[in-house]
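>
Protein chains in written order, with the numbering used here: chain D, 1 to 712; chain C, 1001 to 1712.
1. Below 8 Å on the Cβ atoms is my guess for residue 15 of chain D versus residue 74 of chain D; work out the distance and round it to an integer in Å.
2. Just to make sure I have the definition right: I need the residues of chain D whose C-beta is within less than 8 Å of the C-beta of residue 1326 of chain C. Which are they?
3. Among D:684, D:627, D:679, which one has its Cα closest to the Cα of residue 666 of chain D?
4. Identify whether residue 40 of chain D lies in helix, strand or coil by the three-state DSSP scheme.
5. Roughly how many angstroms lie between the CA atoms of residue 1397 of chain C and residue 389 of chain D, to the nearest whole one?
6. Quick check on residue 647 of chain D - is its C-beta less than 8 Å from some C-beta in chain C?
7. Output, in sequence order along the chain, the residues in the region 169 to 194 of chain D whose CB is closer than 9 Å to any CB in chain C.
8. I'd like to confirm the pairing. Which residues does DSSP put opposite residue 75 of chain D in its beta bridges?
9. Does any CB atom of chain C fall closer than 8 Å to the CB of residue 397 of chain D?
10. How is the alpha helix (DSSP H) around residue 718 of chain D delimited, first residue to last?
11. Since residue 224 of chain D and residue 252 of chain D are thought to touch, with beta carbons under 8 Å apart, how far apart are those beta carbons, to the nearest angstrom?
12. Identify the residues that DSSP records as bridge partners of residue 168 of chain D: which are they?
13. Taking the beta strand (DSSP E) that residue 1628 of chain C belongs to, which residues open and close that run?
14. Buried or exposed: residue 1494 of chain C, going by 16 or more other Cβ atoms within 10 Å of its Cβ?
15. What are the boundary residues of the beta strand (DSSP E) that residue 553 of chain D is part of?
16. Evaluate the contact criterion for the region 461 to 471 of chain D versus the region 437 to 444 of chain D: three or more CB pairs, one atom per stretch, below 8 Å.
17. I'd like to know whether the C-beta of residue 429 of chain D is nearer than 8 Å to at least one C-beta of chain A.
18. Residue 1536 of chain C bridges to which residues according to DSSP?
19. Using a C-beta to C-beta distance shorter than 8 Å, which residues of chain C count as neighbours of residue 714 of chain D?
20. Quick check for students: name the residue ranges of the beta strand (DSSP E) that lie wholly in the region 606 to 685 of chain D, counting only runs of 3 or more.
21. For residue 1304 of chain C, count the other beta carbons within 10 Å of its own beta carbon; 16 or more makes it buried, fewer makes it exposed. Which is it?
22. In the DSSP output, what is residue 1250 of chain C paired with across the bridge?
23. Contact criterion: CB-CB distance below 8 Å. Does residue 651 of chain D meet it with respect to chain C?
24. Return no unless some Cβ of chain D is closer than 8 Å to the Cβ of residue 1543 of chain C.
25. Excluding the 5 residues preceding and the 5 following residue 1530 of chain C in the sequence, name in chain order all residues of the same chain whose CB lies nearer than 8 Å to its CB.
26. Indicate whether the contact test is met: 3 or more Cβ pairs, each with one atom in the region 399 to 413 of chain D and one in the region 351 to 358 of chain D, closer than 8 Å.
27. What in chain C is Cβ-close to residue 622 of chain D, meaning under 8 Å?
28. Where DSSP assigns a beta bridge to residue 140 of chain D, which residues make up the other side?
29. Tell me the residue span of the beta strand (DSSP E) that contains residue 1708 of chain C.
30. Can you tell me the Cα-Cα spacing of residue 748 of chain D and residue 607 of chain D, whole angstroms?
31. Taking the beta strand (DSSP E) that residue 1388 of chain C belongs to, which residues open and close that run?
32. Please work out which residues of its chain come closer than 6 Å, Cβ to Cβ, to residue 1256 of chain C, disregarding the five sequence neighbours upstream and downstream, and give them in chain order.
33. Could you please tell me which residues of the region 428 to 454 of chain D, in chain order, have their CB closer than 7 Å to any CB of chain C?
34. Once the 5 residues before and after residue 71 of chain D are set aside, which same chain residues still bring their CB inside 7 Å of it?
35. Going by the beta-carbon positions, is the gap between residue 1543 of chain C and residue 1573 of chain C smaller than 8 Å?
36. For residue 49 of chain D, list the residues DSSP reports as bridge partners.
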């Protein structure tokens, strides 16, 4: 996690000169737009159109080839047809140009032939060390330096407002549409880039660079899916360290995974669960529409970070206070009582028909007694049980609105606690107030709902920063088990239960006492050694669903029952799966009580190993109450994944149940994490299902397990 | 449900003359604002200020008392202090004024004294038949007729745009803030009213009137809670009949209910579950922020109603298509394949790098071949498997944008299928296009997310209309069981299990075979009659949790076991609850297999009787997988409440389980509905828990039950 950050992209976004390869004189065409856009928006560097057809493009001297350009440009734009891109990129590489944006379509998005072409340009880029953006993209905007290197609507209007949001988008058309919406809502930008097919620089690379860029305060990413997903934790770490929130708009979530998975873990997970795990582990904030991107950017730009999730609501409208309290609760914020002392002091100044309890309703009484408000706000800001304050000004307008805004700005300067406002007056009747807030860094939202959601995002990010700081102090369990690796090496079939249990036992996860019997007498002897009653289960890598195969008998109370069960199980299994290789019958202790969970490992091709825990049994698939984390886990991360399960109350003594051994469950998850990392080259999937969590002090026990080797 | 609609409120919103009682000459004060606002916004009727202090207010002759006004006004506004309101309202009543808005605060919102004062004005209003709005409200706006009868920001700016949205809000300050936001986003209004404490006219009354008002197309309601909730179904019915969607912004949802409830049904329900049931039963659409209110109004105003939930997505940006498909799936819309014929025809005209499969990506190729788009759209609109079409135009701008918009408008005129657009160009670069869409009734949304959510709202409403039409053809099960009524009449304590089961058995719900034994020998005889093994359970209205009291023994296989269990149960129960009145011990058949659900009745003071079904056992409280409907239920309503359970797959044969007897479950819910209606004056709560649903053909069986009488 302490790897060095990625490539410095300063000269991509602020190049001193740009070669535009395939530049056209027709500004209606895609290849005609970039030269025009660069000039129109005030690019201060040199533009070198490259096209053997022209002597001049848009007033710039045009060169027959990039080799003819009089200096080495920092950036090349390639606008030729797909088939000619390899040659052009080779020329760019030979000329030593460090950055290149390939706009052309006709690559991996179009099928087999395009994929081959894309592989070819990837190889060329590697050979010459060119950092490529695209292909199949719409270009980038270095907003601060007026570098509009692209085509489409975003490049043909006015210059965007300068600001501190940097954004990367995998969809050019849609991404720039979002940028336009954000701009219209008043946001300013630092950099925007459309990444297309990501043959070279990826979404992750840009997040990484934006985290390093001092002028970026907030990072936005419109993401369909990334090929270097395993880097998300590392890059997210650096963003957290740099105090840069990453706002992720992840789409492409409903596609049905077509990969056949053996384990519940893989079935319940899939790419989206792992993306969500990564985002959660590094406090990346998901946004689900443009307004969330806009609102969250506003609140993060203010720079303040709350110390906790306790919110004081101050309102001049009772209705707004109710709505805000609703939304705060829904978003995981706490609207609790202030200190008794604060309440006393507020009671002395707030009208009787108001409320001095949180949510604090100071009522329209502010019209008659403007000082009352400032006094009340001071008390609230100074209350040690308050981490953030939201102020609802309904549609307050005119002079009193301006006064209130200025007061809030003054107050905000005296405290490190975030102060946010929900305020819905018409722009033209509260222009001065709104301007004061904007200039004073007090974020304003049109509704309490938007305000509460933005505060929740801010609070989540600050919490992730604290959590990450704590996790760095925690040891990570690392285990090396060569025997376990050997069990999987070269295997192509799934491990039978007894093998999978042996595998997890190597990492210290308790399993049922059991013996693999290969004849009736051995089964009886095993049962006698273990103690009646026992369970018998057929063992075969070819029989995944033992119960359905008639391969399980429980509660066998004596030798005779064991003998009969042994024969019956083998007969059923053979009838059910005639060709199955049967290892024998496992004789196991019978375990009672406790809560059945499922735990497992998913070793994803994109993300690497991840650990899962969830509710077991038939309900697992119905309620999908599962929690994933990318490995390795710290203890506090394992604990948070258990606590975020909706079924956690079942473990925590709900309805008079005994408390479960959550510590032992966490130990087991840490063991799975160590296993997942140790076996990341050998293991594809692992289920412990059920994992029985018993009463506190009695530990956990794996009742069944399944493992699938990684097959290369 | 076929009750006559509520009071005609035409003259409230469009009064020929208005008395303003307590009018002040100081337009800075609340009592000074209405006369000023009425005149300023162009009220065409006569204003009669009433105030003994003045001869003239705002240029209007002022009268000492309402009795002195030269005609009977249609509407009186009361702006005096709370204590003087009863006298003023009496004068209004005596003068025969039909409508009165009481702005004054200081009533039920302030405590005991205020509540008494409010009861007093309620009585006066009843006595004189005055329809009162308020008290503690901000007034109303008859937008179409320029009647601005209120105070605050909404009354001091420009006139609102005329339109077809009528809105009622319980919070004046916040509600008018939302109106201002909606207006700024381009919506127009018909009527707006702030209802305050609702001593007379309620939110429900206004929804009812808006459903009758021919100029209202869409109804909005900002609702904290209504006292006449039982009328929601009836009013919702009339709105459905009138093709008027009701957009409900329900707040005040997180308050913890403090009422002690005996049953799980009541614990799992509460007011919010019943509001949601009512909304769902009548297709009222919940909105959760101002943007949803705005977006949904836009889509409903277009007037089209889709015939089903099948959506075709047409995009010029692949990224936008992915996002739209995600959001459609999340919102319950279906993005399926078109007919093979349509796909063939599309394939012939769409570029190879596009997609002729839904979502249909026609690509930026439209720039080169504008006719291609019109051809493709025609094919899609004519496809019989398509109910609605969404078109994503990213940030298309300029002339081509105008052309596309006009094409869409033309196409929309030729079909009854809704056509919606997601389009994010800057206003100033697509002004002509946007105007064409607006004038042509093609709704436009800034993002695919907003577009899909609005279409989902539209589809839900249309589906509710069809469902309601079908339900009207269904018989409703009605039962009258005087014996059951007698069991509850005068009871104050809960019914013990055996009594509650007898109660539900009267309505035909199958219960376990069982006998109440009051001595050991009777228990044995009962067991022999029922057949071993049996279950014994203590019966006492004072012991709600029999298992915890040691009052249950299961799997008793012979007479001796029954004798021992009988003694043990009584001993445990007496030790656990020394003073409990014990009816005896119930000897019951032991039932195996099936799925444990919970079903019940909640007879709510606001809503009346409701029926519930949900997942039983320990998971019920963790996952709150329950479904409520207000009684009476039709068969299709009962079926939909079962199908909407997340655990429905468990009943429907998930994971190789046998299919459960869902028909019998629906029968049981219909029986509970009949019971709930028959006993609505006697019963407070009823749980059937567990209700065992067995394999298809084997019916359901109530294993335990609890009933709490309604105590007056």
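By construction, the Cβ of each residue, glycine as well, lies at the ideal position given by its N, Cα and C atoms. Predicted, not measured: the structure shown is a model, and the values here were computed from it.
Looking at the atomic coordinates:
1. 3 Å
2. 251, 252, 253, 254
3. D:627
4. helix
5. 41 Å
6. yes
7. 169, 170, 171, 172, 173, 174, 175, 176, 177, 178, 179, 180, 181, 183, 184
8. D:18, D:99
9. yes
10. As shown, chain D starts at 1 and ends at 712. That puts residue 718 of chain D outside it, with no answer to give.
11. 4 Å
12. D:193, D:221
13. 1626 to 1630
14. buried
15. 552 to 556
16. no
17. No chain A is part of this structure, whose protein chains are labelled D and C.
18. C:1553, C:1587
19. Lying before the first or after the last residue shown, residue 714 of chain D is absent from chain D, which here runs from 1 to 712.
20. 608 to 615, 626 to 630
21. buried
22. C:1223
23. no
24. no
25. 1513, 1514, 1515, 1587, 1588, 1589
26. no
27. 1646, 1647, 1649, 1650, 1654
28. D:149, D:193
29. 1705 to 1709
30. Because chain D here runs from 1 to 712, residue 748 of chain D falls outside it and cannot be looked at.
31. 1388 to 1392
32. Unreliable positioning characterises residue 1256 of chain C in this predicted model, as indicated by a pLDDT of 39, which lies under 50. A coordinate reading is not provided.
33. 429, 446, 447, 449, 450
34. 17
35. yes
36. D:20
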